[in-house]
Structure formats: structure tokens, C-alpha cells
Amino acid sequence: MNIAEYISELLYRHECVVIPGFGALITRRVPAQYFQSTHTIYPPKKGLSLNAQITQSDGLLENYIASDLSIPFSDARLEVERAVQSLKNQMDEDGSATLYKIGRFTLNADQGISFTPMYVLNYLPEAFGLSTQELIAIQSEVVPQSETQVEEQEDQVPVIPMPIQEKDQEETTEKSTPWLRYAAAGAVLLGLSYIGFRGYENQKQQEALAIEQKADKHLRTRIQEANIFISDPLPSIELTAAPQIKNFHIIAGAFREPANAAKRVRQLKNKGYNAKVIGVNSYGLHNVAFDSYATREEASNALTEIKNLGYDSAWMFVGELPEE
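Residue numbering for the sequence shown follows full-length UniProt numbering, beginning at 1 and increasing consecutively.
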């Protein structure tokens, strides 16, 4: 049995998938990212991490396998145990093991498990069809100014006349003439430098604006054209029914005799709980729940309130149990 395929399918719709006896894969939403060094845009995704402290089964993986293979829950649990043991054996022999589409598990110096996500698939439903995009900078040629433009710019540069005293006019004129030439030439050069600098700045601003507009248009086009496609889609029954099924149960107890389970249901209903028997587990015990919920968050909040009322043995079960 390829346990990686089942875990991968569950990661599309669940924030946490427990691998019994091994650890829990936790997901979190990572927003879109832009790396300026490579001019690359990465779409949003589900980040993956491993919590090796959570090893107690919540029944989600076993129940999904049992439903897909049409086998009893107990047989599915044994299949999971074999797969986990095989994974551990590989890590003991090679120091690491890989689950395709999920990531690589490595033993560290403290005999703990380090996890490196593979990110072959994007488990975020809203990002289906989006791929990594590279922005290409626009190369614009610098258009040289014509001689006519330079002459016109020279004509527009103001020249400040230098006053000449009447005394010794001829001598003063001869001495001041070189300085007047230098001053006029300096004014012309200063004017040309200012005009060239302004032209260069305007050109750079236009190039930057063109790059930004092209990148924005390209990204909008890709998002509009994105097609939602899954290479290995989940069964349609699972997808359509999942939002309406309350698969998170707060368990009040498990009883061998159906009469005792029914008695416990009546007791809890008298106290205001929406109690019911949710099914029979692999040990033949009838599970009685305080109530069932559609999301893990709702069930966690309810479990906290119930324990605060003195029901310390209450616990959460995720999934479905077969009826007697």
C-alpha cells in the first residue's frame, strides 16, 4: 500500500494529518512571494511542517483508507502500522526516508526527526493552475540627441553680459575677453549637463513604469487563464459531502453493551447535550458522543468547555465509525 498517496490526498482538505506512531503533518497558508534577486513571483501555497510529538491516531487516515479500499477499519489500521514500520526501518538503515509528494524525513543527532517538504504539489485549493512566473526587464535603447536639438538647447541657455568700465576700455576689453569666453562656455556646458541629466532621469522613470505595467498585466492574465485541475482528483462523493458531514466528535464513553450506551445517551440528553451513538469501533465498543461538529476548531472549543465542567475523560475522535 502506498501510504504517501492517501496522505497527499488528505492534505488538500485538512490542516492536520496524523501518521499514527510517527508524527503529524501540519499545514499553514503561505502568501505569494516575490524574489527581487531572481525577478520571480511564487504563487501562494500550503506550507508543511512535522510535529513529531503528535503520534496518537485520530482515525482520519485509517478511515479514509478503509473507505477507499472497502475494507474494515481494523484492517486499514494494520496497513497503516505496516507502512509506518517500513518507514522507520528505512530511516534506521539509511538515516532518512522520503514520501513522494510530501517530503524527506531525516534522523538528527538526538534521534529526533527533521522534515524537509518536497513541494511537488501545491495543496492550497485556491492556487490550482497558478505557477511560478519570471519577470523579464524591458531593455530600451538610449536615443542620441541630434545636432539640431543640441543647437536649440544652446540657444536657450541664457548668457549673462559682463559690464565693462569706460576707463581704459581698450585695455580692459583685451584682458576680459578670455574670461568672457570661459564664462560663456561654462554656462553652455552647465546648461547642457542639466538638460542631459533631466533627460536621463525621465528615461529611467519611463523604463521602470513600463516594467511595472507589463508585470502587472502579465500576472492578471495568468490568474484569469488559470484552470483548476487535479491530476489525481479525490472521489466526487467525498468532495461534495465533506463540507456537510460532522466528522469531529467529542466522545463521552465506549460501551460493550448497546443498552449501556443508550442509557448514557439519555443521561447526557437530560443534561442538554445532543448526545448519540456514532458507531462501533474496531474493539466492538459502542462510542457515545456529547455532540458532533463540522470543523476541528468548533470541536476543540467544545472539548475545552466539556472538560471544564468535570468530564476529564472526554476526548476528540475524527472520522466515521461503522454501525453495528
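For every residue, glycine included, the Cβ atom is placed at its ideal position computed from N, Cα and C.
All values reported here derive from a predicted model rather than from experimental measurement.
Whose C-beta lies closer than 8 Å to the C-beta of residue 255 among residues of the same chain, with five residues either side of it excluded? Within the sequence shown, the letter at position 255 stands for residue 255. The beta carbon of residue 255 sits closer than 8 Å to the beta carbons of 261, 264, 285, 286 and 288 from its chain, once the five residues preceding and following it are set aside; these are given in chain order.
Best match in 251, 294 and 282 for proximity to residue 273 [C-alpha to C-alpha]: For the purposes of this step, residue 273 is taken as the residue at position 273 of the sequence shown. For the residues 251, 294 and 282, the minimum Cα distance to residue 273 belongs to 251.
Candidates 21, 40 and 290, of which the one nearest residue 62 by Cα: The count along the sequence shown starts at 1 and reaches residue 62 at position 62. It is 21 whose Cα lies nearest to the Cα of residue 62.
CA nearest to the CA of residue 52, picked from 98, 73, 19 and 32: As a first step, residue 52 is located in the sequence shown; it is residue number 52 there, counting from the start. Minimum Cα-Cα distance from residue 52 among the listed residues 98, 73, 19 and 32 corresponds to 19.
Select from 293, 10, 295 and 268 the residue whose C-alpha is nearest the C-alpha of residue 309. As a working mapping, residue 309 is identified with position 309 in the sequence shown. Checking every option, the nearest Cα to that of residue 309 belongs to 268.
Could you tell me the distance, in whole angstroms, from the CA atom of residue 31 to the CA atom of residue 50? Here residue 31 refers to the residue found at position 31 when the sequence shown is read from its first residue. Here residue 50 refers to the residue found at position 50 when the sequence shown is read from its first residue. Answer to the nearest angstrom: the Cα atoms are 20 Å apart.
Could you pull out every residue in the same chain whose Cβ sits closer than 7 Å to the Cβ of residue 282, ignoring the five residues on either side in sequence? The residue given as residue 282 occupies position 282 in the sequence shown. So the list reads 73, 74 and 77, once near-sequence residues are dropped.
Using C-beta distances below 6 Å, list every residue in its chain close to residue 294, excluding the 5 sequence neighbours before and after it, in chain order. Residue mapping note: residue 294 aligns to position 294 of the sequence shown, counting from 1. Within the same chain, residue 294 has close Cβ partners 246.
Could you compute how far the alpha carbon of residue 298 sits from the alpha carbon of residue 7? If you number the sequence shown from 1, residue 298 lands on position 298. If you number the sequence shown from 1, residue 7 lands on position 7. Their Cα atoms are separated by approximately 23 Å.
Given a cut-off of 8 Å on the beta-carbon distance, is the pair residue 4 and residue 102 in contact? By one-based count along the sequence shown, residue 4 stands at place 4. By one-based count along the sequence shown, residue 102 stands at place 102. If you check the CB distance, residue 4 and residue 102 come in under 8 Å.
Proximity below 8 Å, CB of residue 23 to CB of residue 54: Your numbering for residue 23 matches position 23 in the sequence shown. Your numbering for residue 54 matches position 54 in the sequence shown. Yes, these two residues count as a Cβ contact at 8 Å.
Less than 8 Å between the CB atoms is what I'm expecting for residue 60 and residue 279, so what's the real figure, rounded? Locating residue 60 in the sequence shown gives position 60, counting from the first residue. Locating residue 279 in the sequence shown gives position 279, counting from the first residue. Contact annotation, residue 60 with residue 279: C-beta distance approximately 15 Å; criterion of less than 8 Å not satisfied.
Quick one: give me the first and last residue of the beta strand (DSSP E) that residue 316 is part of. On the sequence shown, position 316 is the one that residue 316 refers to. Residue 316 -> beta strand (DSSP E) spans 315-318.
Do you know how far the Cα of residue 133 is from the Cα of residue 321? For the purposes of this step, residue 321 is taken as the residue at position 321 of the sequence shown. For the purposes of this step, residue 133 is taken as the residue at position 133 of the sequence shown. Between residue 321 and residue 133, the alpha-carbon positions lie close to 45 Å from each other.
Please classify residue 89: is it buried, with 16 or more other beta-carbons within 10 angstroms of its beta-carbon, or exposed? Translated into positions along the sequence shown, residue 89 becomes position 89. Exposed.
So which of 296, 258, 35 and 253 has the shortest CA-CA distance to residue 312? The residue labelled residue 312 in the question sits at position 312 within the sequence shown. Minimum Cα distance to residue 312 is reached at 253.
How big is the Cα-Cα spacing for residue 316 and residue 11? Residue numbering aside, residue 316 sits at position 316 when the sequence shown is read from its first letter. Residue numbering aside, residue 11 sits at position 11 when the sequence shown is read from its first letter. Each residue's Cα considered, the two are about 20 Å apart.
Could you tell me the distance, in whole angstroms, from the CA atom of residue 122 to the CA atom of residue 259? Your numbering for residue 122 matches position 122 in the sequence shown. Your numbering for residue 259 matches position 259 in the sequence shown. Whole-angstrom Cα-Cα distance: 48 Å.
N-terminal and C-terminal residue of the alpha helix (DSSP H) that residue 254 is part of: For the purposes of this step, residue 254 is taken as the residue at position 254 of the sequence shown. Not the alpha helix (DSSP H): residue 254 falls in the beta strand (DSSP E), residues 248-255.
Run through DSSP, which three-state label would residue 116 get? Counted from its first residue, the sequence shown places residue 116 at position 116. Here residue 116 sits in strand by DSSP.
Residue 124 and residue 28 - do their beta-carbons sit closer together than 8 Å? As a working note, residue 28 is residue 28 in the sequence shown. As a working note, residue 124 is residue 124 in the sequence shown. Between residue 28 and residue 124, the C-beta spacing is not below 8 Å.
Contact check, residue 91 vs residue 69, beta carbons under 8 Å: Within the sequence shown, residue 91 is the residue found at index 91, counting from 1. Within the sequence shown, residue 69 is the residue found at index 69, counting from 1. Going by C-beta atoms, residue 91 is not nearer than 8 Å to residue 69.
Ignore the nearest five residues each way along the sequence and tell me which others in residue 87's own chain have a CB closer than 6 Å to its CB. Along the sequence shown, read from residue 1 onward, the residue named residue 87 stands at position 87. Answer for residue 87: 97, listed in chain order.
Consult DSSP for residue 65 and reduce its assignment to one of helix, strand or coil. Reading the sequence shown from its first residue, position 65 is the one you call residue 65. In the structure shown, residue 65 sits in a helix (DSSP, three-state: H, G or I).
So who's on the other strand from residue 286, going by DSSP bridges? For the purposes of this step, residue 286 is taken as residue 286 along the sequence shown, with counting starting at 1. DSSP lists 255 and 280 as partners of residue 286.
Considering Cα atoms alone, identify which of 136, 82, 94 and 47 is closest to residue 41. On the sequence shown, position 41 is the one that residue 41 refers to. Cα-wise, what sits closest to residue 41 is 136.
For residue 83, tell me which candidate among 2, 205, 270 and 291 has the shortest Cα-Cα distance. For the purposes of this step, residue 83 is identified with residue 83 of the sequence shown, where counting begins at 1. Relative to the Cα of residue 83, the nearest Cα in the group 2, 205, 270 and 291 belongs to 2.
Specify, as a first and last residue, the run of the beta strand (DSSP E) that residue 35 falls within. In the sequence shown, residue 35 corresponds to position 35, counting from 1. Where residue 35 is concerned, the enclosing beta strand (DSSP E) stretches over 33-35.
For residue 49, which residues does DSSP report across the bridge? Within the sequence shown, residue 49 is the residue found at index 49, counting from 1. Beta-bridge pairing links residue 49 to 26.
According to DSSP, residues forming a beta bridge with residue 42: Mapped onto the sequence shown, residue 42 falls at position 42. For residue 42, which the question treats as bridged, DSSP gives the partners 33.
I need the straight-line Cα distance from residue 36 to residue 44, nearest angstrom please. Counting from one through the sequence shown, the residue named residue 36 turns up at place 36. Counting from one through the sequence shown, the residue named residue 44 turns up at place 44. CA-CA distance, residue 36 to residue 44, rounds to 17 Å.
With a CB to CB cut of under 6 Å and the five nearest residues on each side skipped, what residues in its chain are close to residue 277? Taking the sequence shown and counting its residues from 1, the one referred to as residue 277 is at position 277. Non-local C-beta neighbours of residue 277 in its own chain, meaning closer than 6 Å and more than five positions away in sequence, comprise 261, 286 and 288, ordered along the chain.
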